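Residue numbers (this note's numbering): 53 to 839.
Shown next, in the form of structure tokens:
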């Protein structure tokens, strides 16, 4: 640790919040007890609901000040206020999408209980930040004060919190970028070839390429300008009935997959008040518990992956002030956005236009000027229709989930979970298990399937309401005795509605079901083995084709020996997995780069989630059936020649990175997991803002999530961000683990104290009873009503 880092660590220590004794907190009606356990998790005991949410905001404000500030600014397009020019592009993008405007709309529709919850949390957050003994170290580095909420009125602050929820919905929503990719790929290589790369797509070629004018605004320019932050790559959850467990009661597991970050996106807590006893995790600014359990029941979530976004090609008037719809011109709504940029005297000014369908993306991307006018005064411009712009999750829904008394009341609470759509699994102490698909899913006219942009000037492609909640997929106590979801399609072909076309492949769900079937009576230990699983069915299939080719030389023969008979396990210590993953990248490069070009290749394979689809569905089919246009002329001979050539390139890369000895080419030696703070980009501060550095197995296709971006390297970017195993026979025996730790302060012992357990798939207790909590208590703090 250098001198600067040592000095900053000392300053971070000065900002550690008090965890013993008592603190006066304005707004409380009665004293609140905060018991922190050995992992820094706060167990909050209050005598009223407003007090418990105020106390939750207080501890979150003390532990996660900078993270909350950073994420709120990111969501509302105000990050440049904090870090300057570097963030202007991101701010312009999110101001255009309008998450801050969505936040105001969502907050305006909150019911009385939701307003109580968010106002209490906001008051607690402000009090928690004000009670810190020193400013958090990030603000010392940036020479700023944590003033995001201090200078704003309550409504603006609450709307910012709702925008944060809209941001999470955005990260877990729809397929706008997939629509653009389909357009550009079809334009470049043809419609049929595009379908080969998006095998679940149908679409209609007559609407996918809106024009051929060389000056037109290309979809690729929007993709180029969008922030390339990796999306969540799905999640796993499963629940087993008591008939299939050693205890005779249900067991439930969940691990949502999100971007690796420091601090963790999740904040673990336990809330106790009259009518409420719940523990689990939430995100900054969200009062209550999003995933968790009570003395009566437990629940977990995965993303549905339904299509809740559509792009509309708008036909604008000559002066650009109106959009055509049917036989009329409809005036656009114009939002003037002023982005304050640190270091500038004048703000960045942005005028965002909206049609009836939503904000026009094409016109206001960073680095893109005024859209070009094509024949007839038509501007090629896309407007984004998105469910999350007007619909979300009221905070009171979280309260209703925790206070449910049976599966029927739990399902009823989920009617309010409008965006993002989630797959909920449920279990209770009475022995019931259940599943409910949630979210508002558009009903599209005339069979439009949402895979490609459509004309906005006709009513043929409008939405006709939503799939009724009671007709969304659900299940209670199924005869097989278990339920599992992993972002796969959750209905069969007989289902009367289309929820989307971009579900993730069902390889993880199929693997979980197989593992559930291999054990007659499950326990927490067998569930933990499933969490650790790194076997990939696509890897086994592709690996068998790889191993079947004739080697070109002795080096290739030695490498193929590792793949001969390989079971597809992508464990960190597997040499076969290392050869397989690097070889797959070079195969993809050889097949796709010449046809797609560098930018489309980067967006389809190098940086986007379609890596998953390619390696799971596309590549196995291309290798099994080596036909035109990928292997012409020659078929199998051309395929095998390509495989030998790309194997040589893979072996060259492995040799250059890991040395000559093949036994050292472990997948984990390439594929590591590091958790980084946003300020980790500053040189010399790794000791403060980086944790982890472990070898990691798996990839985006395995139950143990290990997504990487092959265009950027081998480091893991999406992980199991939270693991829980809830035993309904004894809820005090439930176990969980976060990625890094509870605190956002680098000087705290709970900053990264969970990372070793997380990396080795170990858990800590998650009890609810006061007796069990007292056994693991580390500190006790009383929050007293103050002036």
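All residues carry an ideal CB built from backbone N, CA and C; glycine is no exception. Computed from a predicted model, the values in this text were never measured in an experiment.
The shortest CA-to-CA distance from residue 91 to any of 497, 822 and 818 is the one to 818.
Excluding the 5 residues flanking it on each side, residue 374 has same chain C-beta neighbours closer than 8 Å at 368, 381, 382, 383 and 384, in chain order. In the DSSP assignment, residue 381 falls outside any alpha helix (DSSP H) and within the unbroken beta strand (DSSP E) covering 380-383.
In the DSSP assignment, residue 390 forms a beta bridge with 401. The beta carbon of residue 296 sits closer than 7 Å to the beta carbons of 533, 534, 573 and 574 from its chain, once the five residues preceding and following it are set aside; these are given in chain order.
Here the alpha carbon of residue 580 sits roughly 40 Å from the alpha carbon of residue 129. In this structure, the CA atom of residue 732 is about 48 Å from the CA atom of residue 530.
Straight-line spacing of the CA atoms in residue 742 and residue 814 works out to 21 Å. With fewer than 16 other CB atoms across the displayed protein chains lying within 10 angstroms of its CB, residue 617 is exposed.
Contact check between the stretch 296-310 and the stretch 351-365: three or more CB pairs, one atom from each, fall below 8 Å, which counts as touching. In the DSSP assignment, residue 292 is bridged to 303 and 534. Residue burial is scored here from C-beta neighbours: residue 600 has fewer than 16 other C-beta atoms within 10 angstroms and is therefore classed as exposed.
Secondary structure at residue 445: strand, using DSSP grouped into helix, strand and coil. Per the coordinates, the alpha-carbon of residue 96 lies some 10 Å from the alpha-carbon of residue 330. With respect to the C-alpha of residue 161, the residue from 445, 314, 104 and 434 having the closest C-alpha is 445. Residue 90 sits in coil when the DSSP states are folded into three classes, being neither helix nor strand.
Distance check between residue 770 and each of 723, 177 and 788 places 723 closest, using alpha-carbon atoms only. Across the structure, residue 231 and residue 630 are spaced so that their CA atoms are roughly 33 Å apart.
About 16 Å separates the beta carbons of residue 551 and residue 228, which is beyond the 8 Å limit, so they are not a contact pair. In this structure, DSSP gives residue 664 a helical state, which the three-state scheme calls helix.
For residue 106 against residue 134, the beta-carbon gap comes to about 26 Å, at or over 8 Å, which does not count as contact. By the neighbour-count criterion, in which a residue is buried when 16 or more other Cβ atoms sit within 10 angstroms of its Cβ, residue 713 is exposed. In the DSSP assignment, residue 433 forms a beta bridge with 366. Taking 8 Å as the cut-off, the Cβ atoms of residue 110 and residue 140 do not count as close. With contacts defined by Cβ atoms closer than 8 Å, residue 833 and residue 236 do not form a contacting pair. For the set 196, 583, 86 and 766, the Cα lying nearest the Cα of residue 565 is the one of 583. Judged by beta-carbon spacing, residue 178 lies beyond the 8 Å limit of residue 649, meaning their Cβ atoms are not closer than that value. Here residue 64 is not bridged, per DSSP, to any residue. Residue 582 sits in a helix when the DSSP states are folded into three classes. By the CB criterion at 8 Å, residue 559 and residue 593 fall outside the cutoff. Annotation for residue 324: 97 place their beta carbon closer than 6 Å to its own, counting only its chain and skipping 5 residues before and after.
Per DSSP, the unbroken beta strand (DSSP E) holding residue 78 starts and ends at 73-78. Using a C-beta cut-off of 8 Å, the stretch 698-706 makes contact with the stretch 604-612, since at least three inter-stretch Cβ pairs fall below that distance.
Of the residues 822, 796, 492 and 344, the one whose Cα lies closest to the Cα of residue 777 is 344. Closest option to residue 249, judged by alpha-carbon separation, among 527, 554, 168 and 502: 554.
For residue 572, no pairing in a beta bridge is given by DSSP.
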